[in-house]
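Order-wise, the sequence lines are chains A and B. Under our numbering, think of the first position of the first sequence as 4, with each following residue one higher. Under our numbering, think of the first position of the second sequence as 15, with each following residue one higher. Idealized CB from N, CA, C, for every residue including glycine. To start, the structure itself, in structure tokens.
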Amino acid sequence: AQSVAQPEDQVNVAEGNPLTVKCTYSVSGNPYLFWYVQYPNRGLQFLLKYITGDNLVKGSYGFEAEFNKSQTSFHLKKPSALVSDSALYFCAVRVNDKIIFGKGTRLHILP
Amino acid sequence: KAGVTQTPRYLIKTRGQQVTLSCSPISGHRSVSWYQQTPGQGLQFLFEYFSETQRNKGNFPGRFSGRQFSNSRSEMNVSTLELGDSALYLCASSSTGGAFSPLHFGNGTRLTVT
Chain A
4 AQSVAQPEDQ VNVAEGNPLT VKCTYSVSGN PYLFWYVQYP NRGLQFLLKY ITGDNLVKGS
64 YGFEAEFNKS QTSFHLKKPS ALVSDSALYF CAVRVNDKII FGKGTRLHIL P
Chain B
15 KAGVTQTPRY LIKTRGQQVT LSCSPISGHR SVSWYQQTPG QGLQFLFEYF SETQRNKGNF
75 PGRFSGRQFS NSRSEMNVST LELGDSALYL CASSSTGGAF SPLHFGNGTR LTVT
């Protein structure tokens, strides 16, 4: 079965420190990978995507993600966290016209 | 450009009733998809419409249905509501619905079934 895993329900990071939100996937075929962020009482906002090419992709708000084909991972990163980055983050995979979301990781940035 | 608009923002219904949710996509977007978000199950895909045709469907019972109009606006209907249908329902639009296109989400309709 095709799946997306975000192994951490919650990640706590001190402001100014680097952050990583993990995502791994198990799909057949070539996946297209996305990260979305959700703020309280809002819908999801697109952050970045990987389609092909350079394994490091840059997105909105200083976020970037690294695609690793051998580890089937697409971890979200940011060099220096801000309190305003506190939100719920979703990894998503599109393959064969289907989209699968991870369960989400709640990111807490501590001032 | 106006974003994706979902109405109403909140709904309270009783078990057994039916409900209709509305979604207006970003102007020019022809694909509209619907998702159910719950704390336990996360985000689950309901269905996708493109040019008034259902293009994809998730694993939900037939009580969940939708349609898309010629102006790309979409409605989702849930009949014979159950307590477990309480959730945030999100609509998203994209320009073509292709795999490359990111989704643009509305702020959702929070449905409470009592």
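Backbone secondary structure at residue i - three-state DSSP
i: Gly98(B); result: helix
i: Ser2(A); result: Lying before the first or after the last residue shown, residue 2(A) is absent from chain A, which here runs from 4 to 114.
i: Ser36(B); result: strand
i: Tyr28(A); result: strand
i: Gly80(B); result: strand
i: Tyr24(B); result: strand
i: Ser47(B); result: strand
i: Val64(A); result: For the sequence presented, residue 64(A) should be read as Tyr rather than Val. It is helical.
i: Ile54(A); result: coil
i: Ala106(B); result: strand
i: Phe37(A); result: strand
i: Glu69(A); result: strand
i: Tyr42(A); result: coil
Span separating the alpha-carbon of residue i from that of residue j
i: Thr110(B); j: Arg44(B); result: 6 Å
i: Ile26(B); j: Leu102(B); result: 12 Å
i: Leu117(B); j: Gly65(A); result: 20 Å
i: Asn1(B); j: Asp57(A); result: Outside the displayed range of chain B (15 to 128) lies residue 1(B), so it cannot be described from this structure.
i: Thr115(A); j: Gly76(B); result: There is no way to answer for residue 115(A), as the model of chain A reaches only from 4 to 114.
i: Glu11(A); j: Arg87(B); result: 36 Å
i: Ala4(A); j: Lys101(A); result: 13 Å
i: Thr123(B); j: Leu113(A); result: 30 Å
i: Gln21(B); j: Ser73(A); result: The residue asked about is misnamed: residue 21(B) is Thr in this sequence, not Gln. Cα to Cα, Thr21(B) sits roughly 43 Å from Ser73(A).
i: Arg97(A); j: Leu57(B); result: 14 Å
i: Ala84(A); j: Gln55(B); result: 28 Å
i: Pro43(A); j: Gln82(B); result: 28 Å
i: Val7(A); j: Gly72(B); result: 16 Å
i: Asn70(B); j: Gly80(B); result: 11 Å
i: Ser29(A); j: Phe70(A); result: 13 Å
i: Cys105(B); j: Phe61(B); result: 10 Å
i: Ser76(A); j: Val60(A); result: 13 Å
i: Gln51(B); j: Glu18(A); result: 29 Å
i: Gly62(A); j: Gly105(A); result: 19 Å
Buried versus exposed call for residue i [16 or more other C-beta atoms within 10 Å across all chains shown]
i: Val86(A); result: exposed
i: Ser65(B); result: exposed
i: Lys15(B); result: exposed
i: Pro34(A); result: buried
i: Phe59(B); result: buried
i: Glu96(B); result: exposed
i: Gln32(B); result: exposed
i: Phe37(A); result: buried
Near the ligand HEM: residue i beta-carbon under 7 Å from a heavy atom
i: Ser87(A); result: Looking at this structure, you won't find the ligand HEM or any other ligand, since it has none at all.
Which of the residues in the stretch 96-112 of chain A, read from start to end, lie with their CB under 9 Å from any CB of chain B? Result list: Arg97, Val98, Asn99, Asp100, Lys101, Ile102, Ile103, Phe104, Gly105, Lys106 and Gly107.
Please identify, using Cβ separations under 9 Å, the residues of the stretch 67-79 of chain B that lie next to chain A, in order along the chain. Result list: Arg69, Asn70 and Gly72.
Members of the stretch 44-75 of chain A that neighbour chain B once the beta carbon cut-off is set at 8 Å: Residues of the stretch 44-75 of chain A that bring their beta carbon within less than 8 Å of a beta carbon in chain B comprise Asn44, Arg45, Gly46, Leu47, Gln48, Phe49, Lys52 and Ile54, in sequence order.
Taking a Cβ distance cut-off of 7 Å, strictly less, list which residues of the stretch 6-37 of chain A are near chain B, in chain order. Residues of the stretch 6-37 of chain A with a C-beta atom less than 7 Å from some C-beta of chain B are Tyr35 and Phe37, listed in chain order.
The stretch 73-89 of chain A / the stretch 16-27 of chain A touching (three or more Cβ pairs under 8 Å): With the cut-off at 8 Å, the stretch 73-89 of chain A and the stretch 16-27 of chain A touch.
Relative to chain A, which residues along the stretch 41-69 of chain B have a C-beta separation below 7 Å, given in chain order? Residues of the stretch 41-69 of chain B with a C-beta atom less than 7 Å from some C-beta of chain A are Gly56, Leu57 and Phe59, listed in chain order.
At a CB distance below 9 Å, what residues from the stretch 77-93 of chain A approach chain B? Give them in sequence order. Within the stretch 77-93 of chain A, the qualifying residues are Phe93.
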